[in-house]
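In full-length UniProt numbering, the protein residues as written are 1 to 271.
Structural data, given as structure tokens:
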């Protein structure tokens, strides 16, 4: 599949879809508490996307090749779950960490973002994993500019995560996005500087590193979707959708409640 270069119309639509996806995370934040089920969070998000935003939850019934349709509107990945956790009657408890991954479709365009949440008081180790993963994502984002390569992004993420004592999941990656949920290019979260596709203005893709506290090996659960760490260690993930601009990058998935960039990011967005 060819890599699509977004025009100004596409970019404006993607700004709207990206903001809406982030606003779902703002909305759900106060509900992520001890005693709530992930199914309840799914219903709250679904109703907000459909009834308030007048948008479509992209994951619901999404069925890529080889998969049965995804049964819920969001992904909720808890503790050792890496990604694609299916909401259920599982109750969140104090100390859990959970990734909530939101993709909305508005006027045919996809906005895709995720955040980590602490349920009650998380352990020092869990908080450090989440913070290092957040910083790793931003180190990758900060490499985005015309003429840079996908390898530059992956290398920045991988070296920082591994230097911090963690491992990078290899089987899942960021992806191009627009009117199609997942399109080219694939954005690996590991790599070599200068390797891979050269970036050009108008490209749009997600950066969404999955970082494990233990080894990088994964296992798929019987539901056909949920991915967990093979050694049962904790895993964290953050995700933004990024536009390559003429001079750098623009983060498309920001809203009033978005966590601020780390202090080392001096120019968090350039338009």
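A virtual CB, placed ideally from N, CA and C, is assigned to each residue, including glycine. Keep in mind the model is a prediction, meaning the values are calculated, not measured.
{"Check": "Can you check the region 4-82 for any beta strand (DSSP E) of at least 3 residues that lies completely inside it and give the ranges in chain order?", "Outcome": "75-78"}
{"Check": "Roughly how many angstroms lie between the CA atoms of residue 66 and residue 186, to the nearest whole one?", "Outcome": "19 Å"}
{"Check": "Could you tell me which residues DSSP puts in a beta bridge with residue 110?", "Outcome": "105"}
{"Check": "DSSP on residue 237, reduced to helix/strand/coil?", "Outcome": "strand"}
{"Check": "When you compare only the Cα positions, how much space is there between residue 210 and residue 92?", "Outcome": "21 Å"}
{"Check": "Quick check: residue 238 and residue 114, are their CB atoms within less than 8 Å of each other?", "Outcome": "yes"}
{"Check": "Thinking C-beta only, is residue 195 closer than 8 Å to residue 244?", "Outcome": "no"}
{"Check": "Could you tell me which of 11, 7, 206 sits nearest to residue 112, measuring between CA atoms?", "Outcome": "206"}
{"Check": "Quick check on residue 132: does DSSP put it in helix, strand or coil?", "Outcome": "helix"}
{"Check": "Run through the DSSP bridge pairs and tell me what residue 220 is partnered with.", "Outcome": "227"}
{"Check": "Please report how far the alpha carbon of residue 224 lies from the alpha carbon of residue 184, in whole angstroms.", "Outcome": "24 Å"}
{"Check": "State the start and end residues of the unbroken alpha helix (DSSP H) segment that holds residue 155.", "Outcome": "150-163"}
{"Check": "Please report how far the alpha carbon of residue 154 lies from the alpha carbon of residue 118, in whole angstroms.", "Outcome": "26 Å"}
{"Check": "Any idea which residues DSSP pairs residue 183 with across the strands?", "Outcome": "176"}
{"Check": "I'd like the span of the beta strand (DSSP E) that includes residue 171, first residue to last.", "Outcome": "From DSSP, residue 171 is part of no beta strand (DSSP E); its letter is neither H nor E."}
{"Check": "Give me, in chain order, the residues of the same chain whose beta-carbon lies closer than 7 Å to that of residue 22; leave out the 5 immediate sequence neighbours on both sides.", "Outcome": "113, 253, 254, 255, 258"}
{"Check": "Is the Cβ-Cβ distance between residue 88 and residue 49 less than 8 Å?", "Outcome": "no"}
{"Check": "Shortest alpha-carbon distance to residue 24 belongs to which of 39, 104, 33?", "Outcome": "104"}
{"Check": "Would you grab the beta carbon distance between residue 94 and residue 121 for me? Rounded to a whole angstrom, and I think it's under 8 Å.", "Outcome": "6 Å"}
{"Check": "Taking the straight line between their C-alpha atoms, what separation do you get for residue 188 and residue 231?", "Outcome": "22 Å"}
{"Check": "Reducing DSSP to helix, strand and coil, say where residue 204 ends up.", "Outcome": "strand"}
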